[in-house]
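Colleague: Residue numbers (this note's numbering): -10 to 1067. Let me begin by handing over the structure; questions about it come next.
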């Protein structure tokens, strides 16, 4: 306002002289500059605002460019000052509206490939094409009309494949035809290797090489000021994470980078070995390679999509944040892509249209997959009038059999009736005439009924072949079960024929239900278990909420009485957090809302649900896995063999959480290998909970992630496998197949477990960085407690391990046996095992078979210990694999033939043995034990045999009758010329009773004191000693025994709880007894 025109400065791009003008100057920071006038006053607009750019200096201006509200110029010199003139071309202006704003845009920093922005694998970066200048001399990949602008990014290849995705492009860029082009080679000699309009799938990359991405538009004349987009690269490099308190280690890989998927909702592992993923807000269905992340769009039914096979099935509104969900549930026909009789049907559930406000219409539609075009087509509605809402749509689907026929089950939520914006919406979960708050059942194919939609509702036959409320309602009715709040997860167990569903509780009591025909699950008048914890509340609005109580949800007066009166009521299999430490009763929490806050509500917000039926991850078999929206994690719940009870009990279940994060875990899927877990996340973060405050994995909004089980960390040379994992059992008298595992560069520095048919532990391998390839395993389980060879006992199981590649250096192996198997060793004097230190591992070239054969290599364990209350583990270092047996050192004969025997005669133990092919043996040491497992050398016999002859030996133990024990044990230690040695079998000799000292202890186990009763054949001096399991002396004394009965009282008061051994030695006694201190 009030400016005077500069008449001496020429006007180039507007007729007539300026009526007024003002000047600005700028220093160029790139070769390009664009100036746009905004917020111009009405008078200024009416008079014709103009812009003009000059090079200087002042007084000798040269006009470079001009325009109306926008002028742009190229070829500027960085660091040089330029001038901008703003003026009006009309005259006689009046009024006061002469203000304006100047916006200066320079080229993006990555307008030149030299300044390409780095994209990390698994990451997403923001981009902007505004003010970008097109590059010259670079080949156009997939648009023949040239480029109007471009910017550059670069990445280092992690694998020989990658996917580059441009998403979130502004409407201006979408209209201009945004493109992505990928190059190999150095700047100046680019080689185009891929191009596309949204996603570019790349193969044949060289890991470690740098590649360049060019993002550009293919047309000119764009309008508007928003040219933003996101560029993502995936999959990511592998990152190891410890998933839970169970100490399992997983590799984490991002298969679809942050913010690329517009709220993924369903992930299903298909029979084509692809992940089928729905995009709830983008209304697309993708097939994604579970190894590479390469993806294909198989369906787009977004509002304005023109690629749909029938656009009348497209979403009819812009579902940005209106309806809950969107394109949500997906189910594949059981015969999808079958080699014969294929039925390539894909069933989808989505919000179709908006009636008003929070009221929507949902659909269930069957599409047919075209294997030639790889697209979904030929849509047919199963139901097109399902109620929809901005809350509690549910929309999860599953196909499961009933009576041998497969059906489609669909979860229809209660529409959020009774809370928040739907506080006064009628609550219909208990109304059998309404589909709201129900589980619905549909046919997979039309049943021939006359109605277009009736043909999709089971109605023919009797019993389970029909839906339960058809007769009551008086027409074909899809309702299968009632009283459902918001069922967002389904899984079917084909072994037990059970359908499970996961549903949200209002403030607590998230439920896992067994879904059955005609059952009532209580909502909104019974919450969780019918235990009375919700009495005095409602399942909707509380007094402190907005809008406040009351609402359309009725008051909960007496859950127990209500449940008893409801026909067909069924308690949940599991209800999470029926109370909490902060709020012992739900009423206390309900009364304090909003003070209590959503973050304090004891709830999970379960969404997807799956059943782990594999056996690869120890302890997981027959576990339900739920994805948590609120706490951002997966949660595992172990089931018992019936599938009706959680372990250990329904009210004291041991829930285990995994991958805690700030992400809302929407759904999960397992690969058939039992090793890979796939999870998808919402684009919003988790609302509350310890996972959000102390995340195990980083935020990854809208991601598809893969977790692959690796094993367990090494902890001081031992495995971190929890002692909660039981030792496997097996079918008696047969070879049981163990898991097939792979040890490669991803897990060669972890303890990799081998499990049995029940999913419990058999063995573990730590390969010390060596690639052993594919490893098969088996184990033989003998029906009896122990097996015997050559008079010596060994364990009732042997374990066979066969790697693809035998190691070149030591590999650590851990072998597991049950407590019963070890206790059998201790109870059997022939085993040669009384403590863990007596155990030896024998390895030979046997296949999996019922008994040991041939020669073996003996290993002394580097480590042996209990494994929880019901198992033991022994660890050895080996350089090759075959079959492993567990026993003492004397399972196999040391010579080709060694017959060792003995008997009591003439007050002595008379021992004899014969050998054949004795070459290399130096001498025999005769060893004796009184039954305590400790052997002492009592004499040596020189070896005199040779090859190809039989040699007989004898030895008499004349002290046998003077030791005061009723039974003696003998073995031979066979010493070779090179100093090596082996042991014979054990010979047991009973001693006549005239010189036996008998010992008994009572009570045993004992608490304060124990009484030792000793019956002595003669008067004798003794020494008694009490030692712990490590052999350490804790008490010792001398005593004189008279002939006959003697009593010795031992004070145990100051001893720790555990096992001790009483050793008594004298002229007629040398014995050991076990004492259990309570």
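The beta-carbon is built from N, C-alpha and C at its ideal position, and this holds for glycine as well. Computed from a prediction, not measured in an experiment: that's the story for all the values here.
(1) Quick check on the DSSP output: the alpha helix (DSSP H) that includes residue 459 runs from which residue to which?
(2) With distances taken from CA atoms, which of 560, 635, 61, 579 is nearest residue 569?
(3) Under 6 Å Cβ to Cβ from residue 679, same chain only, skipping five residues before and after it: list those, please.
(4) With H, G and I counted as helix, E and B as strand and the rest as coil, what does DSSP make of residue 575?
(5) Using a Cβ-Cβ cut-off of 6 Å (strictly less than) and excluding sequence neighbours within five positions of residue 395, which residues of its own chain qualify?
(6) CA-CA distance, residue 974 and residue 878?
(7) Would you list the residues sitting across from residue 500 in a DSSP beta bridge?
(8) For residue 814 versus residue 829, is the C-beta distance shorter than 9 Å?
(9) By how many angstroms is the C-alpha of residue 604 removed from the C-alpha of residue 741?
(10) For the alpha helix (DSSP H) containing residue 36, list its first residue and its last residue.
(11) Tell me the rounded alpha-carbon separation between residue 805 and residue 761.
(12) Going by beta carbon distance, what residues of the same chain come within less than 6 Å of residue 924, once the five residues before and after it are set aside?
(13) Leaving out five residues on either side along the sequence, give the residues of the same chain with a beta carbon under 8 Å from the beta carbon of residue 703.
(14) What's the gap between the Cα of residue 352 and the Cα of residue 414?
(15) Measure from the alpha carbon of residue 368 to the alpha carbon of each residue in 306, 297, 332, 401, then state which is nearest.
(16) Which partner residues of residue 781 appear in the DSSP bridge assignment?
(17) Measure from the alpha carbon of residue 230 to the alpha carbon of each residue in -5, 699, 670, then state which is nearest.
(18) Of all the beta strand (DSSP E) runs that stay within the bounds of the stretch 249 to 331, which reach a length of 3 or more residues?
(19) Pick out whichever of 238, 711, 253 has its Cα sitting closest to the Cα of residue 244.
(20) Evaluate residue 874 with the Cβ neighbour count: other Cβ atoms within 10 Å of its Cβ, from every protein chain shown; 16 or more gives buried, anything less gives exposed.
(21) Can the beta-carbon of residue 474 be found less than 9 Å from the beta-carbon of residue 492?
(22) Which residue or residues does DSSP assign as beta-bridge partners of residue 410?
(23) Straight-line CA distance for residue 636 to residue 571?
(24) Name the residue from 483, 409, 26, 500 whose alpha carbon lies nearest to the alpha carbon of residue 534.
(25) May I ask you to verify whether the stretch 456 to 468 touches the stretch 523 to 534, counting CB pairs closer than 8 Å and requiring at least 3?
(26) Name, in chain order, the residues that DSSP records as bridge partners for residue 853.
(27) Terminal residues of the continuous alpha helix (DSSP H) containing residue 549?
(28) Using the beta-carbon count (16 or more within 10 Å), is residue 51 buried or exposed?
(29) What first and last residue would you give for the beta strand (DSSP E) that runs through residue 808?
(30) Which same chain residues, not among the five before or five after residue 1009, have their C-beta less than 6 Å away from its C-beta?
(31) Rounded to whole angstroms, what is the Cα-Cα separation between residue 480 and residue 271?
(32) Going by the beta-carbon positions, is the gap between residue 595 and residue 501 smaller than 9 Å?
(33) Bridge partners of residue 876, per DSSP?
(34) Please state if the CB of residue 504 and the CB of residue 490 are separated by a distance shorter than 9 Å.
(35) How many Å lie between residue 1043 and residue 996 at the Cα?
(36) Do the stretch 279 to 287 and the stretch 253 to 270 meet, that is, are 3 or more Cβ pairs less than 8 Å apart?
Modeller: Reading it off the structure:
(1) Start at 1 with the first residue of the chain shown, and residue 459 comes out as number 470. First-last of the alpha helix (DSSP H) with residue 459: 459 to 462.
(2) Your numbering for residue 569 matches position 580 in the chain shown. The option with the nearest alpha carbon to residue 569 is 579.
(3) Numbered from 1 along the chain shown, position 690 holds the residue referred to as residue 679. Residue placement at residue 679 is poorly supported in this model, since its pLDDT is 42, which falls under 50; the coordinates are not used for a value here.
(4) Sequence index remark: in the chain shown, residue 575 carries index 586 (1-based). Three-state result, residue 575: helix.
(5) Residue 395 sits at position 406 when you count from the first residue of the chain shown. Here the set comprises 323, 388, 433.
(6) One-based indexing of the chain shown puts residue 974 at position 985. One-based indexing of the chain shown puts residue 878 at position 889. In a straight line, the C-alpha of residue 974 is about 9 Å away from that of residue 878.
(7) One-based indexing of the chain shown puts residue 500 at position 511. For residue 500, which the question treats as bridged, DSSP gives the partners 492, 564.
(8) Here residue 814 refers to the residue found at position 825 of the chain shown. Here residue 829 refers to the residue found at position 840 of the chain shown. No.
(9) As a working mapping, residue 741 is identified with position 752 in the chain shown. As a working mapping, residue 604 is identified with position 615 in the chain shown. So the two alpha carbons sit approximately 13 Å from each other.
(10) Working through the chain shown from its first residue, we reach residue 36 at position 47. 31 to 36 is the span of the alpha helix (DSSP H), which, as asked, contains residue 36.
(11) Taking the chain shown and counting its residues from 1, the one referred to as residue 805 is at position 816. Taking the chain shown and counting its residues from 1, the one referred to as residue 761 is at position 772. Taking the straight line joining both Cα atoms gives about 21 Å.
(12) As a first step, residue 924 must be located in the chain shown, where it is residue number 935. So the list reads 916, 918, once near-sequence residues are dropped.
(13) The residue labelled residue 703 in the question sits at position 714 within the chain shown. So the list reads 709, 738, 739, 740, 755, once near-sequence residues are dropped.
(14) The count along the chain shown starts at 1 and reaches residue 352 at position 363. The count along the chain shown starts at 1 and reaches residue 414 at position 425. Rounded to whole angstroms, residue 352 to residue 414 spans 21 Å at the Cα level.
(15) Translated into the one-based positions of the chain shown, residue 368 becomes position 379. Taking only the C-alpha atoms, the option nearest residue 368 is 297.
(16) Start at 1 with the first residue of the chain shown, and residue 781 comes out as number 792. Residue 781 is bridged to 778.
(17) Indexing the chain shown from 1 puts residue 230 at position 241. Cα-wise, what sits closest to residue 230 is 699.
(18) 253 to 258, 264 to 268, 273 to 277, 284 to 289, 316 to 321
(19) Here residue 244 is taken as the residue at index 255 of the chain shown, counted from 1. Per the Cα distances, 253.
(20) By 1-based counting over the chain shown, the position of residue 874 is 885. Looking at its Cβ environment, which holds 16 or more other Cβ atoms inside 10 Å, residue 874 is buried.
(21) Locating residue 474 in the chain shown gives position 485, where the first residue counts as 1. Locating residue 492 in the chain shown gives position 503, where the first residue counts as 1. Contact: yes.
(22) As a working mapping, residue 410 is identified with position 421 in the chain shown. Answer is none; residue 410 lacks a bridge partner.
(23) One-based indexing of the chain shown puts residue 636 at position 647. One-based indexing of the chain shown puts residue 571 at position 582. If you take the alpha carbons of residue 636 and residue 571, they lie about 25 Å apart.
(24) Taking the first residue of the chain shown as 1, we reach residue 534 at position 545. With distances taken between Cα atoms, residue 534 lies closest to 409.
(25) no
(26) Taking the first residue of the chain shown as position 1, residue 853 is located at position 864. BP columns for residue 853 point to 863.
(27) The residue labelled residue 549 in the question sits at position 560 within the chain shown. That run of the alpha helix (DSSP H) goes 548 to 554.
(28) For the purposes of this step, residue 51 is identified with residue 62 of the chain shown, where counting begins at 1. Per the 10 Å Cβ criterion, exposed.
(29) Working through the chain shown from its first residue, we reach residue 808 at position 819. From DSSP, residue 808 is part of no beta strand (DSSP E) but of the alpha helix (DSSP H) over 808 to 816.
(30) Along the chain shown, one-based indexing puts residue 1009 at 1020. Cβ within range, chain order: 1030, 1055, 1056, 1057.
(31) Working through the chain shown from its first residue, we reach residue 480 at position 491. Working through the chain shown from its first residue, we reach residue 271 at position 282. Those two C-alpha atoms are separated by around 25 Å.
(32) Counting from 1 along the chain shown, the entry for residue 595 is found at position 606. Counting from 1 along the chain shown, the entry for residue 501 is found at position 512. Going by C-beta atoms, residue 595 is nearer than 9 Å to residue 501.
(33) As a working mapping, residue 876 is identified with position 887 in the chain shown. Looking at the DSSP assignment, residue 876 forms a beta bridge with 783, 829.
(34) Counting from 1 along the chain shown, the entry for residue 490 is found at position 501. Counting from 1 along the chain shown, the entry for residue 504 is found at position 515. In contact: residue 490 and residue 504 (Cβ atoms closer than 9 Å).
(35) Indexing the chain shown from 1 puts residue 1043 at position 1054. Indexing the chain shown from 1 puts residue 996 at position 1007. Distance between the alpha carbons of residue 1043 and residue 996 is about 10 Å.
(36) yes
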